[in-house]
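What follows is a single structure, written as structure tokens, with notes after it.
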Amino acid sequence: MGILNVTPDSFSDGGFYLDPDKALARARTLIDDGADIVDIGGESSRPGSDAVSLEEELRRVLPVVRALAAQAAVPLSIDTTKPEVADECLRAGARIVNDIGGLRDPEMIAVTARHQAAAVIMHMRGVPKSMQLEPVYDDVVAEVRLFLAQRAAAARTAGIEDLAVDPGLGFGKTAAHNFELLRRLDELTSLGPPVLVGPSRKSFLGALPGQETTSRRLEGTLAAAVVAALKGARVVRVHDVLACRRALQLADAIRNA
Ligand code: HH2
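FYI, in the working numbering the residues of the sequence shown are 21 to 277.
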């Protein structure tokens, strides 16, 4: 899954693809580099970020979804927590709702079901504005697992069958929590739905020496992707698709050996 952030303030590429022409060119690069899905987002969820209005989010993403749906050969997903944004983008040709809110909003479930769309259910503790203020868990993997199981069951009850679940690396978790989630990722793959992980350039990688800035986190991202794939993850959400694809060839080779 290649990341397309149509935002001024995303943590690693804010402002790069706010212009629709630049966003479309970026999407083409992601696809040429081997992305199987393009994930389009119009609201940054970085720690401390402020929410954007419905109108502004639609203004950012809808023209890009419309243009890409008409020409892209891969499914588009819309990264949003707003049912209205999901609704408009699904109407415009997106096929997947990527909800960092984990489909907790009943209206998000209803919209996704009505369009017979697929969904990514992600775990987040709190909200982006405050989620990194000392998150505490007794057992992070067990708590994330229980949440994902409950949300997946609610989605299925509403008729959403095509699901992926995501531990939400960096969303209300310390670096140690993220490392533990990766180490024990097989406990999430045993839930049933495909597991998606999003380690790309995230600040937990900055806990490792020499990787403090986002521009120095490619190798950590690739290592996390390979570890996740070997633990059973089926989708990896990344900015650097070509490098990740190459790294994942190793995971495939090891799995198939
Ligand atoms: N991470 C981000 C955004 N959306 N969706 C899923 N399913 N999983 C993730 O880990 C995930 C996500 C944050 O990354 P990014 O889009 O690069 O940054 P920003 O939120 O600042 O736009």
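Beta carbons: idealized from backbone N, C-alpha and C, even for Gly.
Does ligand 1 have a heavy atom nearer than 7 Å to the CB of residue i?
i	result
Asn198	no
Asp260	no
Phe224	no
Ile23	yes
Met151	no
Thr27	yes
Val140	yes
Leu50	no
Ser65	yes
Leu216	yes
Arg124	no
Leu189	yes
Ile180	no
Asn118	yes
Phe31	yes
Arg257	yes
What residue range does the beta strand (DSSP E) around residue i cover?
i	result
Gly61	58-61
Gly22	22-25
Asp119	116-119
Asp186	183-186
Met128	Met128 -> not in any beta strand (DSSP E); alpha helix (DSSP H) instead, spanning 126-134.
Ala138	138-142
Short check: CB of residue i to CB of residue j, under 8 Å?
i	j	result
Pro95	His143	no
Leu205	Ala244	no
Ile120	Thr101	yes
Arg48	Leu24	no
Arg66	Ser97	no
Ser223	Gly190	yes
Asp279	Pro148	No answer is possible for residue 279: it lies beyond the span of the chain, which begins at 21 and ends at 277.
Leu123	Ala169	no
Val105	Val81	yes
Arg265	Gly54	yes
Leu110	Ala138	no
Pro229	Thr194	no
Met87	Leu50	The sequence given here places Ala at residue 87; Met does not occur at that position. No, the Cβ-Cβ distance between Ala87 and Leu50 is not below 8 Å.
Val246	Leu216	no
Val26	Gly62	yes
Quick check: what's the CA-CA separation for residue i versus residue j?
i	j	result
Val72	Ala277	47 Å
Leu250	Val140	20 Å
Gly146	Glu127	19 Å
Ala89	Ala162	38 Å
Asp59	Met21	6 Å
Lys42	Asp52	15 Å
Pro214	Gly252	8 Å
Val185	Ala133	16 Å
Ala263	Leu270	12 Å
Leu201	Val258	18 Å
Lys75	Ile274	First, the amino acid is wrong: residue 75 is Glu here, not Lys. In a straight line, the C-alpha of Glu75 is about 47 Å away from that of Ile274.
Leu211	Leu153	29 Å
Ala114	Asp56	14 Å
Gly240	Leu225	6 Å
Ile129	Arg165	19 Å
Ala112	Asp158	42 Å
Lys135	Phe199	It is worth fixing the name first, because residue 135 is His in this sequence and not Lys. Approximately 36 Å, taken between the alpha carbons.
Asp107	Ala172	20 Å
Let's see if you can read the secondary structure: which residues bound the alpha helix (DSSP H) around residue i?
i	result
Ile98	Taken as a continuous stretch (DSSP letters only), Ile98 belongs to no alpha helix (DSSP H), being part of the beta strand (DSSP E) at 96-99.
Glu104	103-111
Gln269	261-276
Gly240	238-250
Leu88	74-91
Asp206	206-209
Thr177	160-177
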